[in-house]
Amino acid sequence: MTTPSTPPGNPPPVAPLLLTPPEPPTSGPANAAAATAAPGAAPPASAADKAGIAALLDEPPVRVWFLRPWVWGSTLLAVALVAGIWVWQARKAANAAPHYSTQAASMGNLTLTVTANGTLQPTRSINIGSELSGTVLKVNVDVNDRVKKGQVLVVLDTAKLGNQILRSQATVASAASKTSQTAATLTEARATLARLEEVARLSGGRVPSLTELDTARATVSRAVADDASARASVRDAEAALATDQINLGKASITAPSDGIVLTRTVDPGNAVAATLQAVTLFTVAEDLGKLRLWVYVDEADVGAVKVGQKASFTVSAFLARQFPATITRVGFGSTITDNVVTYLTYLDVDNADLSLRPGMTATATITATQRSNVLLVPNSALRFTPTSSAAKGAPKKSATASLLPRMPGNNTRKPAAEAASTALAKQVWVLPADGKGEPTAVAVTPGISDGRMTEITGGDLKAGMLVVTDKKLGNTP
Numbered sequence: 523m524t525t526p527s528t529p530p531g532n533p534p535p536v537a538p539l540l541l542t543p544p545e546p547p548t549s550g551p552a553n554a555a556a557a558t559a560a561p562g563a564a565p566p567a568s569a570a571d572k573a574g575i576a577a578l579l580d581e582p583p584v585r586v587w588f589l590r591p592w593v594w595g596s597t598l599l600a601v602a603l604v605a606g607i608w609v610w611q612a613r614k615a616a617n618a619a620p621h622y623s624t625q626a627a628s629m630g631n632l633t634l635t636v637t638a639n640g641t642l643q644p645t646r647s648i649n650i651g652s653e654l655s656g657t658v659l660k661v662n663v664d665v666n667d668r669v670k671k672g673q674v675l676v677v678l679d680t681a682k683l684g685n686q687i688l689r690s691q692a693t694v695a696s697a698a699s700k701t702s703q704t705a706a707t708l709t710e711a712r713a714t715l716a717r718l719e720e721v722a723r724l725s726g727g728r729v730p731s732l733t734e735l736d737t738a739r740a741t742v743s744r745a746v747a748d749d750a751s752a753r754a755s756v757r758d759a760e761a762a763l764a765t766d767q768i769n770l771g772k773a774s775i776t777a778p779s780d781g782i783v784l785t786r787t788v789d790p791g792n793a794v795a796a797t798l799q800a801v802t803l804f805t806v807a808e809d810l811g812k813l814r815l816w817v818y819v820d821e822a823d824v825g826a827v828k829v830g831q832k833a834s835f836t837v838s839a840f841l842a843r844q845f846p847a848t849i850t851r852v853g854f855g856s857t858i859t860d861n862v863v864t865y866l867t868y869l870d871v872d873n874a875d876l877s878l879r880p881g882m883t884a885t886a887t888i889t890a891t892q893r894s895n896v897l898l899v900p901n902s903a904l905r906f907t908p909t910s911s912a913a914k915g916a917p918k919k920s921a922t923a924s925l926l927p928r929m930p931g932n933n934t935r936k937p938a939a940e941a942a943s944t945a946l947a948k949q950v951w952v953l954p955a956d957g958k959g960e961p962t963a964v965a966v967t968p969g970i971s972d973g974r975m976t977e978i979t980g981g982d983l984k985a986g987m988l989v990v991t992d993k994k995l996g997n998t999p
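For the sequence shown, my numbering assigns the number 523 to the initial residue and increments by one for each residue that follows.
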């Protein structure tokens, strides 16, 4: 058989590839199904046939998905990541041993103070006013002037008062002259009655008549009444005159005591109207060498404040200076401002150098209680409470359980417990002298606290013991 020649330079023709279907098995259910297949149907191609077709078409071979490299690479990366996280969590749990912050219980002094704000006031200030209405004629003093008792401060116009005194004097004179008339009338009436009674005695009662005698007696009674009325009018006129003279004296307003003029609200020519109440013209401080500090103590602190306690205060004008004071009164009446209840407290202040002035605002620190050489612990030690596993004698968790994440909201220490008052604490937690091991509870009886340290008045705690103030996990110092 001869093969046809091929022209030079041309590729040889490709012989057609005949796909021969595999012969079906001679027996079995699959053979029966194949035997019943419709005539003319093409049998499925094998993997080798598909590879051959891809080679003829110059296409890359198609791989099964699980034989692809990126699938195996991603799987290995995920496995390595999970293993790394597991190892990291295991090491973290292994290194999460608790570390405790401690402070040694020590002997020391403790001072309980109460802070309050207020203003400086004179120990005694006098509001000087006028009881009369009138026009200011003269003002003799000004603000900051020192005045003496009896010194004339203001003079009112006295022209009207002078005229009123003249009228009162005339009224007195008129009333006095009337008393002379009534006295003479009374004397005359009594003489007439006496004469008639004598005639009746001598005549044996025949003359005068009873009517004449009764009339004479009535005349005497009227004369007595008129005389008494006239004398009362005299006294009334004299009282009015005395009042006018007193008012004339009040026209000159004087200082009731020695002091310094703090305020002045009047000038010459001003009209003063004192119809309902006295008008305040001056405010005079009796003695600025002694001042009084008014402070308002909060209701939570007033129980610790007592008369006689010492205090110190500062003012804005002298921030670097502490002024001493002594409590002289703690008010029982309360003052409510914006739902805050306070109690007015007085502190006496020595101001010999007059550096302090009335009206200055001050911040006072009252020494309520002092303790010397007492056992002290920090307040954080009284608030500290270890977890149940950290406390000595508590059951330990398994290693597997320590690797498991905690469920949220299962913290054993709650904010409310941490914020509890140190006065209610009954125990503290202490570590051995070397600072290692687990904390042990020690019973204590707290005393007063200054907000940072608390006095221990009883219990088993001794000076030098390491009280736990906080706990930190891991290798954090």
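Ideal placement from N, C-alpha and C gives every residue a C-beta, glycine not left out.
Original post:
Buried or exposed: which applies to residue 743, given that a residue is buried once 16 or more other Cβ atoms fall within 10 Å of its Cβ?
Top reply: Counting other Cβ atoms within 10 Å of its Cβ, residue 743 stays below 16 and is therefore classed as exposed.
Subject >> Residue(s) in a DSSP beta bridge with residue 968 >> reply: Listed as beta-bridge partners of residue 968 by DSSP are 978.
Subject >> Burial state of residue 824 (16 or more Cβ within 10 Å) >> reply: Residue 824 comes out buried.
Original post:
For residue 827, which residues from the same chain have a beta carbon less than 7 Å from its beta carbon, with the 5 sequence-adjacent residues on both sides left out?
Top reply: Around residue 827: 636, 819, 849, 852, 867, 888, 890.
Subject >> When 703, 895, 815, 675 are compared against residue 661, the one with the closest alpha-carbon >> reply: That would be 675, whose Cα lies nearest to the Cα of residue 661.
Original post:
Are at least three pairs of beta-carbons, each pair with one atom in the region 684-691 and one in the region 701-713, less than 8 Å apart?
Top reply: As far as the Cβ criterion goes, the region 684-691 does not touch the region 701-713, which means the pair count is below three.
Subject >> For residue 670 and residue 779, the rounded distance between their alpha carbons >> reply: Roughly 6 Å between the two C-alpha positions.
**OP:** Quick one: grab the DSSP three-state call for residue 895.
**Re:** Reduced to three states, the DSSP call for residue 895 is strand.
Original post:
Among 982, 960, 813, 757, which has the Cα closest to the Cα of residue 990?
Top reply: The shortest CA-to-CA distance from residue 990 to any of 982, 960, 813, 757 is the one to 960.
Original post:
Can you check whether the CB of residue 741 is closer than 8 Å to the CB of residue 709?
Top reply: In this structure, residue 741 does not lie closer than 8 Å to residue 709 by Cβ.
Original post:
Using the rule of at least 16 other Cβ atoms within 10 Å of the residue's Cβ for burial, across every protein chain shown, is residue 845 buried or exposed?
Top reply: It is buried - the Cβ of residue 845 has at least 16 other Cβ atoms within 10 Å.
**OP:** For residue 665, I'd like the list of residues in its chain whose CB is within less than 8 Å of its CB, leaving aside the five on either flank, ordered along the chain.
**Re:** Closer than 8 Å at the Cβ level, and outside the excluded window around residue 665, lie 783, 784, 785, 786.
Subject >> Residue from 804, 957, 975, 634 with nearest C-alpha to residue 622 >> reply: Considering only 804, 957, 975, 634, the residue with the shortest C-alpha distance to residue 622 is 957.
Original post:
With a Cβ-Cβ cutoff of 8 Å, do residue 634 and residue 972 count as a contact?
Top reply: Result yes, Cβ atoms of residue 634 and residue 972 sit closer than 8 Å.
Original post:
Does the Cβ-Cβ distance between residue 878 and residue 642 come in under 8 Å?
Top reply: Taking 8 Å as the Cβ cut-off, residue 878 and residue 642 qualify as a contacting pair.
Subject >> Distance, residue 640 Cα to residue 799 Cα >> reply: Residue 799 and residue 640: Cα-Cα distance of roughly 30 Å.
Original post:
For the beta strand (DSSP E) that residue 639 lies in, which residues bound it at each end?
Top reply: Secondary structure note for residue 639: its beta strand (DSSP E) is the uninterrupted segment 628-644.
Original post:
Going by the CB atoms, is the gap between residue 980 and residue 626 shorter than 8 Å?
Top reply: Taking a C-beta distance under 8 Å as the contact criterion, residue 626 and residue 980 do not qualify as a contact pair.
Original post:
Taking the alpha-carbon positions, what's the residue 663 to residue 815 distance?
Top reply: If you take the alpha carbons of residue 663 and residue 815, they lie about 28 Å apart.
**OP:** Would you kindly work out how many angstroms separate the C-alpha atoms of residue 651 and residue 772, rounded to a whole number?
**Re:** Using only the alpha carbons, I get a separation of about 10 Å.
**OP:** Ignoring anything shorter than 3 residues or poking outside the region 815-894, list the beta strand (DSSP E) runs there in chain order.
**Re:** List check, beta strand (DSSP E) in window: 832-837, 840-859, 862-872.
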